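Here the numbering used here is used: the first residue of the sequence shown is 1, the next is one more, and so on.
Backbone N, C-alpha and C define an ideal beta-carbon position, used for all residues, glycine too.
Model, not experiment: these values are computed from the prediction.
Below you'll find the structure, written out as C-alpha cells, and then a few comments.
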Amino acid sequence: MLNVNPERGIAYTWGSTPQERLMSFPCDRYMSNADEAYFRAIDVQAPAPILFRWLCQLKVGSYSYDWLDHLERIFFHGAESIPTHPSPKQLLSGVENLAVGQTIMGIFKLVEFEPNQHLTIVTDDEQAISIFGDIAASYIVIPRTANACRLILKGNIRYPRNRFWSWIRYFLPWADLLMMRQQFLRLKNLAENQV
Numbered sequence: 001m002l003n004v005n006p007e008r009g010i011a012y013t014w015g016s017t018p019q020e021r022l023m024s025f026p027c028d029r030y031m032s033n034a035d036e037a038y039f040r041a042i043d044v045q046a047p048a049p050i051l052f053r054w055l056c057q058l059k060v061g062s063y064s065y066d067w068l069d070h071l072e073r074i075f076f077h078g079a080e081s082i083p084t085h086p087s088p089k090q091l092l093s094g095v096e097n098l099a100v101g102q103t104i105m106g107i108f109k110l111v112e113f114e115p116n117q118h119l120t121i122v123t124d125d126e127q128a129i130s131i132f133g134d135i136a137a138s139y140i141v142i143p144r145t146a147n148a149c150r151l152i153l154k155g156n157i158r159y160p161r162n163r164f165w166s167w168i169r170y171f172l173p174w175a176d177l178l179m180m181r182q183q184f185l186r187l188k189n190l191a192e193n194q195v
C-alpha cells in the first residue's frame with residue numbers, strides 16, 4: 001500500500017485531516033502500487049443517506065463544471081455522447097439502484113459500494129488511462145449526527161508511463177483539485193437544500 005505523507009499540500013489534501021489521510025479506504029484494495037494519493041473532504045449538514053443518494057447521481061453527471069464535462073465527453077466518446085442537460089438538480093428516480101460494473105462520470109466503473117457508506121470506482125476507459133493514468137477512488141460518507149455527515153474521497157493514482165503524458169503528474173493534482181472542489185461543493189449544496 002502507498003505510504004502517504006499526511007502533511008502534503010492542498011492539491012493533495014484539500015479539506016481532509018491528517019487522521020483521515022491515514023484511514024484505510026476500499027480503493028486501496030484496487031491499487032496496491034499507486035504513485036500518489038489525493039484526498040478531498042467536506043462537512044455536509046444533511047443526513048448521510050441524503051448525501052449518498054446524491055453520490056449515486058454521479059452515474060448521470062459529474063457535478064463539477066458541466067461545460068468541462070461536455071468537452072471531456074466529446075474528447076473521450078465523440079459528440080454523440082454529450083448529454084442534453086447539465087448535472088441534474090433533482091434526484092432522478094432509479095439512479096440510486098447501484099450495481100457493480102455501472103459507468104460513473106463517463107470514464108469510471110463502479111467496482112464496490114455499500115449503501116449510505118461508500119462508492120468505489122476505477123478508471124475504465126483506455127484513452128483516459130493513457131492520459132491520466134490508472135485511478136482507484138472511494139467516496140466515503142461518515143455520519144456525524146443524525147443530520148450531518150462528512151464526505152471524504154481518496155483517489156489512488158498510477159501516472160501514465162509513456163513519455164508524452166509523463167508531465168501529467170505535475171498538472172493533475174491541481175486540475176483534480178479544481179474539479180473535485182466544485183463537485184464536493186455542489187453535492188453539499190444539493191444535499192443540504194434537500195433537508
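Taking all protein chains shown into account, decide if residue i is buried (16 or more other Cβ within 10 angstroms of its Cβ) or exposed.
{"i": "I201", "result": "The chain is shown only over 1 to 195; residue 201 falls outside these bounds and no answer can be derived."}
{"i": "P115", "result": "exposed"}
{"i": "F25", "result": "buried"}
{"i": "T120", "result": "buried"}
{"i": "F171", "result": "exposed"}
{"i": "A136", "result": "buried"}
{"i": "I74", "result": "For I74, the pLDDT reaches just 46, beneath the cut-off of 50, and the residue's location in the model is therefore unreliable, although a value from the coordinates is still provided. Classification of I74: exposed, given that the 10 Å Cβ count is below 16."}
{"i": "P47", "result": "buried"}
{"i": "M50", "result": "Correcting the residue type first, residue 50 is Ile in the shown sequence and not Met. Counting Cβ neighbours within 10 Å, I50 comes out buried, since at least 16 surround it."}
{"i": "F164", "result": "exposed"}
{"i": "R144", "result": "exposed"}
DSSP on residue i, reduced to helix/strand/coil?
{"i": "N189", "result": "helix"}
{"i": "A79", "result": "Unreliable positioning characterises A79 in this predicted model, as indicated by a pLDDT of 49, which lies under 50. The coordinate reading is nonetheless provided below. It is helical."}
{"i": "E112", "result": "strand"}
{"i": "P47", "result": "coil"}
{"i": "Y65", "result": "coil"}
{"i": "S32", "result": "coil"}
{"i": "D128", "result": "Contrary to the premise, residue 128 reads as Ala rather than Asp in this sequence. A128 falls in the helix class under three-state DSSP."}
{"i": "A99", "result": "coil"}
Would you kindly check if the distance between the Cβ of residue j and the Cβ of residue i is under 8 Å?
{"i": "V141", "j": "Q117", "result": "yes"}
{"i": "W54", "j": "L190", "result": "yes"}
{"i": "Y38", "j": "Y65", "result": "no"}
{"i": "L58", "j": "M23", "result": "no"}
{"i": "R40", "j": "F184", "result": "yes"}
{"i": "P173", "j": "S166", "result": "no"}
{"i": "I168", "j": "I131", "result": "yes"}
{"i": "Y63", "j": "R181", "result": "no"}
Assuming residue i and residue j form a contact by the criterion Cβ under 8 Å, report the distance between their Cβ atoms to the nearest whole angstrom.
{"i": "F108", "j": "D124", "result": "6 Å"}
{"i": "D111", "j": "V60", "result": "According to the sequence as given, residue 111 is Val; it is not Asp. Contact doesn't hold; Cβ gap of about 19 Å is too wide."}
{"i": "A34", "j": "R158", "result": "5 Å"}
{"i": "N156", "j": "C27", "result": "5 Å"}
Note the first and the last residue of the continuous beta strand (DSSP E) segment covering residue i.
{"i": "R150", "result": "148 to 158"}
{"i": "E36", "result": "36 to 44"}
{"i": "P26", "result": "P26 -> no beta strand (DSSP E), and no H or E assigned at all."}
Quick one: give me the first and last residue of the alpha helix (DSSP H) that residue i is part of.
{"i": "I161", "result": "Per the sequence shown, the amino acid found at residue 161 is Arg instead of Ile. Counting along the chain, R161 falls outside any alpha helix (DSSP H), and DSSP gives it neither H nor E."}
{"i": "T17", "result": "It is not in any alpha helix (DSSP H) - T17 carries neither H nor E in the DSSP assignment."}
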